[in-house]
Amino acid sequence: MLEIVVLGAGPAGAAVALGLKRLGYAVRLVSEWRRFTAVEGVSQRVLDGLRQAGLHHALACAAAPSPRRVLWNDDGQSINQESLLDRSRFDTAIREDLREAGIEVLEARVLKVESTDDGHLIHLEPGEPLRADFLIEARGRSAPLAGGRLRGPETLSLLNQWQEAPGQPASAVESLPDGWAWMARLADGRCYWQITLDARDLPSKDQLPEYCARRRSESALVRELFGPEALQPASLHARSSTAILFHEASGPNWLRVGDAAMAVDPLSGNGIFQSLSSALQAPAVINTLLQHPERADLARRFHQSRVEHLFLRFARTGRDFYALEQRWPDHPFWRDRRTWPDAERLHAPADFAQVRVERAPVIHGDLIEEAEVVVTADQPLGIWHLQGIELAPIVSAFKRGELTQALATLQEQPRRMVQGWLLAQGYRP
Ligand code: FAD
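Here's what the structure looks like:
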């Protein structure tokens, strides 16, 4: 029997394990518990991703959406919503989802992995070394990195935690001259304040609690959200939050998913969503590598291109959000992040001249295969189906001057949808 082992029981590792189990593979997870407590704010996209992954207990941990105040570029206060997620409870619920699916989780720390073309030897503490034919690296930012293909400005987040009386849950985010702060209070009175700064810009470690307390005392938003306890030094945990794209997302007998493949700036509030995105496609990629080794290049190209595409989309979204803050243009924190990773637009404008048909890897059921897709300026990876309708035959028909005939084969509603899509791409009849 093939031994498939996933390293790390975060959302990404768990989503891959559940997906592989559904495809009938025996899969084991090795993970230690997270070494710190944290609360994160999650968007509806994260909740949808958890549901799609079948992580129902984990999904149930997210609190109902609560108001989030946003103070950015001195533009007055805007209010939106986010759900607060207690990461310790979330991790426990993920294990519950795995247990229910009958997936074994080995509690151990991975010390080292020795890999060859024939398999992997995983050294654990405690425990005997474990052998694997196929390995999924999902240890998040703790996965060995050895550089990375693309790395954003070095960034550190200092998470402070203290206790107040129970009350209404709420969160807030504000820009500061040298970074930004996110803060939240849970219904049970646990309070969190996290400042994100340039890693070059920090006081020494022993001064950090006092430093953070002073920064809180300067914030009107902190005074609005918290009681006087917020002005005292609090328990503190530092987390690297540099955006990192790992140089390779797969090999012939291994795959990286989640933060181990690419980790984004926490400003997006979508880290769990992006970690799930690469994990949800992974079972089909692994299934193809194992069942159709002749398609290995195609499957790996699929995984790599999606990971890179997603990373750049999030990096550019972050860049544009940093650029909205214009009060401190010369401060290195804002200057460096406003221009990274490049100057390319987040969404390329429609250009019908660029719409073309290409062969590209796509997910078809539980496998990766090659199909004709439509590539546009904004969708360089290509679109295979538009709500169930294959687009390539329609664009090919257009190129042959037979668009009217191709559209005539569709029912009225799909025809209108395709016509709408063509117009949105810049097509003018
Ligand atoms: P992880 O969740 O990190 O899971 C990795 C697992 O591997 C853990 O269980 C860990 O214990 C285990 N592990 C690690 N090393 C070993 C080892 N050697 N041996 C055994 N097991 C090991 N995302 C949001 O959606 N909203 C937010 O508000 C948000 N805020 C963030 C703030 C900061 C400062 C940072 C750094 C990130 C934030 N994120 C946020 C991102 C989010 O935390 C991650 O994107 C997400 O947890 C990644 O999931 P993962 O499964 O890839 O890795």
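Under this note's numbering, the first residue of the sequence shown is numbered 12, with each subsequent residue one higher.
Every residue, glycine too, gets a C-beta built ideally from N, C-alpha and C.
Here the structure is a predicted model, which is why all the values come from computation and not from measurement.
- Spatial neighbours of R45 in its own chain (CB-CB distance under 6 Å, excluding positions within 5 residues in sequence) are listed in chain order as D102.
- Of the heavy atoms belonging to the ligand FAD, at least one sits nearer than 6 Å to the Cβ of P22.
- If only complete runs of 4 or more residues are kept, the segment 57 to 120 shows the alpha helix (DSSP H) at 67 to 71 and 98 to 111, in order along the chain.
- Within the chosen limit of 6 Å, the ligand FAD reaches the beta carbon of S42 through at least one heavy atom.
- Between the ligand FAD and the CB of R150, the shortest heavy atom gap is smaller than 6 Å.
- In terms of Cα proximity to E369, the closest of P360, E383 and R150 is E383.
- Boundaries of the beta strand (DSSP E) harbouring H375: R367 to H375, taken from the DSSP string.
- Taking the Cβ of P277 as the reference point, at least one heavy atom of the ligand FAD falls within a distance shorter than 6 Å.
- The closest heavy atom of the ligand FAD lies 6 Å or more from the beta carbon of S186.
- Between the segment 109 to 122 and the segment 79 to 87, the count of Cβ pairs shorter than 8 Å is below three; the stretches do not touch.
- For F322, same chain residues with a beta-carbon under 6 Å away, outside a window of 5 residues either side, are L256 and M273 in chain order.
- Annotation for I147: the continuous beta strand (DSSP E) segment containing it runs F145 to E148.
- Membership of D347 in the alpha helix (DSSP H) is indicated by the continuous run P343 to T350.
- In the displayed model, S316 falls within a helix according to three-state DSSP.
- Judged by their CB atoms, I400 and A417 are not nearer to each other than the 7 Å cut-off.
- If you check the CB distance, E221 and P239 do not come in under 7 Å.
- Its chain contains N84 and D85 as the residues whose beta carbon lies nearer than 7 Å to that of R338, once the 5 sequence neighbours on both sides are disregarded; these appear in chain order.
- Cα atoms of A260 and E14: separation of roughly 20 Å, rounded to the nearest angstrom.
- Between D212 and H342, the C-beta spacing is not below 7 Å.
- For S182, the enclosing beta strand (DSSP E) starts and ends at A181 to L187.
- At a cut-off of 6 Å, the beta-carbon of D108 does not count as near the ligand FAD: no heavy atom of the ligand is closer than that.
- S168 has its CB nearer than 6 Å to a heavy atom of the ligand FAD.
- Assignment of N281 by DSSP, reduced to helix, strand and coil, places it in the coil class.
- Taking the C-beta atoms as reference points, V16 is found no nearer than 7 Å to A195.
- In the three-state reduction of the DSSP assignment, L29 falls in the helix class, which pools H, G and I.
- Shown here, E240 sits in a helix according to DSSP, grouped into three states.
- Counting of Cβ neighbours within 10 angstroms places T387 among the buried residues, the total reaching 16 or more.
- According to the DSSP assignment, S215 belongs to no beta strand (DSSP E), since it is labelled neither H nor E.
- In the three-state scheme derived from DSSP, where H, G and I count as helix and E and B as strand, V406 is classed as helix.
- Looking at the DSSP output, I379 sits in a beta bridge with I374.
- A straight line joining the alpha-carbon of W265 with that of I147 spans about 6 Å.
- Going by DSSP, Q174 is part of the beta strand (DSSP E) stretching over T166 to Q174.
- Using a Cβ-Cβ distance cut-off of 8 Å, the segment 296 to 309 and the segment 172 to 183 are not in contact, since fewer than three pairs of beta carbons, one from each stretch, lie closer than that value.
- Rounded to whole angstroms, A408 and P391 show a C-alpha spacing of 20 Å.
- For A195, the uninterrupted beta strand (DSSP E) run begins and ends at G190 to R196, by DSSP.
- Not one heavy atom of the ligand FAD falls within 6 Å of the beta-carbon of S94.
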